[in-house]
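>
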C-alpha cells in the first residue's frame, strides 16, 4: 500500500474526478478530496446449493443429484449436464459501502458484504490531453469478497485481497466513457489474470447506463445496469441484470431464461440487482455532486466563455447605446445649434438694419456705427456664418446684404475672406461684386487676385474699373505680381458723385479691423443710374462709405 501511495504521490495530475456508475468492476475515477459516497447494493437470485440436477454418469445412466452434493465429481469422474431443475427458494444478498475521497488522487472505501471489507485506489495518470487516459491502481475485496457474498459462492479456498489496474477514457461529444483493466487474486490460481471492460453512457436527464464484462473462474460474465441520478446528482438509484449469459442461455447456449446458475461450481450466477447511493461533501458549506472536477472546470470554462460572449454583447450594445446617445446629443445639439443659428441670424439682420438706418440718417453717428459693428463681431464664427447666409439670401433687403459685405470686410479674418471669395465667384449681382472687391482689397487678400484679374475685363464698366484699381493697389501694397499676360481694357472716364467723409475708427479692435474702413453698400458705385436710384435715401449730402479709403477704388 505504501508503494502505491508513493506512486500516486509522484503523479498528481488531474484525471476524471467523479464517481462512476459501475457496479461489478473497478474504475479509474476518483472522488474529490473531502467528498464521500454512501451506498447500498442488493441482489435477488437463486442459491447454487438449491439446484437438483439430472447427471449423466460414466456408464451412460442418469442420476438425480442434489445441488448440495458435489461428491459425484470425484465418484464418477465425469462432467455433468443439467437437464432439469426445480424451483428453489429465492435469496436476497446485501452489501453496504462508504467511499471517501482523501484527496483527488487517493480514495478509500470501507463496507460490509458478508463481513468487513476494505479497498483503496490511487491515480497514476490523468486525462490531461485528448490522447491521455486516466490510470489508477488499487486493491479491493480485502478480507471479504463482495461477489462471494452476493453469489453465495462456496469453496474451500480463500477468495479475497484482489488487486487491479484500471483505465478510463471519455468521448465527451457522444457522452461515452470507456473502462478497462485487469483484476488479480495472486493466491487463487484460476483468478490470477482477470481482464474487465465496461462502457458507461449518459443519455441526459440524469440517466446513465453501464454495460460491464469481467472474467471469473476462466469465464466472462456480462452485466447491464441503468442508473438514474437526481437532486443535483447527489442521489443515484440503480437497477440491473447480472450475468446475462447465464440468465438468457443454458449450458448448451440455447435460449433459456432463468435465475438459476449453470453449475453448482459457478462463481457468478444470474440475478437482479438493486442499488442506491448518496453523494455529499464533508464539512459545512460543502456542496456535493457526481460531476468530476474536470467537468466542473469545463463547466466553469463554459460559464466564463458564456460570460465573455455576454461581455462582448454588452460591449456591442454599449457601443450601440453610446453611438445612439452621441447621435441624440448631436441631434439635440444640431437642433440647439439650428435654433441658435436662427437666433444669431435674426440678431445680425437687426444690427444690419440698424447700420442701414445709421448710414441713411440725417446726422451721421460714427460711434453708433462702431458699436453696431462691434456687437456683430462678438458673435465670432457664428456671426460670420450668419453674415454669409444673409449675403446669399436674395429674399433679404438689397442694402442689408451689401452692409453684410461691409461688416465682413471689417472683421477681416480668414473665415470672412473665405466667405467673400466664395460669394464673389458665384454671385451675379454687380453691386455685390463691387462691394466684395473693395472689401477684399482692404483686407489685402491676395488670394482674390485671380478673380480680380478675370473681373478686370468684365463687360460691366463699374466692375471692371473696381477690379483693376483694387488689383493695382494689392500689387503695390503686398508685392504680389499681376499676371504679365493680363491686358486690362481701358474704361472710359465717367462722372461720379463722391463726397469725402471723415474716417470712422473702431476702437478696441484688431489693427487690421477698423470701422473707418467700413463702407456703405453704394461704395464704389460708378454707375450714374445707381447714384440716381440711391439719391432719395440720402437726405443729406453724404457718402455711403464709412471711410474714404473704401471709396477710392471706385472713384480714382
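Numbering (my numbering), first residue to last: 238 to 793. Note that the Cβ used here is the ideal one computed from N, Cα and C, for glycine as well.
#1: Could you tell me the distance, in whole angstroms, from the CA atom of residue 575 to the CA atom of residue 670?
#2: With a CB to CB cut of under 6 Å and the five nearest residues on each side skipped, what residues in its chain are close to residue 623?
#3: So, helix, strand or coil for residue 255, using DSSP?
#4: Can you name the residues that DSSP bridges to residue 276?
#5: Give me the Cα-Cα distance between residue 549 and residue 369, rounded to the nearest whole angstrom.
#6: Please report the distance separating the alpha-carbon of residue 359 from that of residue 395.
#7: Please state whether the Cβ-Cβ distance between residue 503 and residue 454 is less than 8 Å.
#8: Would you kindly check if the distance between the Cβ of residue 463 and the Cβ of residue 449 is under 8 Å?
#9: Can you check DSSP and say which residues form a bridge with residue 406?
#10: Can you name the residues that DSSP bridges to residue 557?
#11: Taking C-beta to C-beta, are residue 422 and residue 443 nearer than 8 Å?
#12: Could you tell me which residues DSSP pairs with residue 388 in its beta bridges?
#13: Keeping to the same chain, check which residues put their C-beta closer than 8 Å to that of residue 719; ignore five residues upstream and five downstream.
#14: Going along the chain, which unbroken runs of the alpha helix (DSSP H) with 4 or more residues stay wholly within the stretch 655-685?
#15: Measuring CA to CA, which of 478, 341, 439 is closest to residue 415?
#16: Just to confirm, are residue 447 and residue 284 a CB contact at a threshold of 8 Å?
#17: Just confirm the distance between the C-beta atoms of residue 508 and residue 280, as a whole number of angstroms; I'd bet it's less than 8 Å.
#18: Output the distance between the C-alpha atoms of residue 451 and residue 510, rounded to the nearest integer angstrom.
#19: Is it buried or exposed, residue 657, if we count other Cβ atoms within 10 angstroms and call 16 or more buried?
#20: Please classify residue 332: is it buried, with 16 or more other beta-carbons within 10 angstroms of its beta-carbon, or exposed?
#21: Give the list of continuous alpha helix (DSSP H) stretches no shorter than 4 residues that lie fully inside the stretch 436-470.
#22: Give me the residue from 700, 714, 716, 688 with the minimum Cα distance to residue 723.
#23: I'd like to confirm the pairing. Which residues does DSSP put opposite residue 420 in its beta bridges?
#24: For residue 473, report the span of its beta strand (DSSP E) as first-last.
#25: Check the C-beta distance from residue 612 over to residue 588 and give it rounded, since I have them as a contact under 8 Å.
#26: So that I know if they touch, is there some Cβ in chain C lying closer than 8 Å to that of residue 257?
#27: Please name the residue or residues paired with residue 794 in a DSSP beta bridge.
#28: For residue 754, count neighbouring C-beta atoms within 10 Å of its own C-beta (all shown protein chains included) and say buried if the count is 16 or more, exposed if not.
#29: Which partner residues of residue 566 appear in the DSSP bridge assignment?
#30: Decide if residue 426 is buried, meaning its Cβ has at least 16 other Cβ atoms within 10 Å, or exposed.
#31: Which term fits residue 494, buried or exposed, when burial requires 16 or more other beta carbons within 10 angstroms of its beta carbon?
#32: By the DSSP assignment, the beta strand (DSSP E) with residue 372 in it spans what residues?
#33: Return helix, strand or coil for residue 509, following the three-state DSSP convention.
#34: May I ask you to report which of helix, strand or coil DSSP gives residue 708?
#35: Is the CB-CB distance between residue 644 and residue 606 below 8 Å?
Let's see:
#1: 29 Å
#2: 581, 582, 585
#3: coil
#4: 334, 514
#5: 34 Å
#6: 25 Å
#7: yes
#8: no
#9: 415
#10: Paired residues: none, contrary to the question.
#11: no
#12: Paired residues: none, contrary to the question.
#13: 686, 690, 708, 709, 712
#14: 667-680
#15: 439
#16: no
#17: 4 Å
#18: 16 Å
#19: buried
#20: buried
#21: none
#22: 688
#23: 401, 431
#24: 472-479
#25: 6 Å
#26: Within the model displayed, chain C is absent; a lone protein chain is all it includes.
#27: A query on residue 794 cannot be resolved here, the shown segment of the chain reaching from 238 to 793 and no further.
#28: The predicted position of residue 754 is uncertain, since its pLDDT is 41 and thus under 50; a value taken from the coordinates is nonetheless stated next. The residue in question, residue 754, is buried, as its Cβ has 16 or more Cβ neighbours within 10 Å.
#29: Beta-bridge pairing links residue 566 to no other residue.
#30: exposed
#31: exposed
#32: 371-379
#33: strand
#34: helix
#35: no
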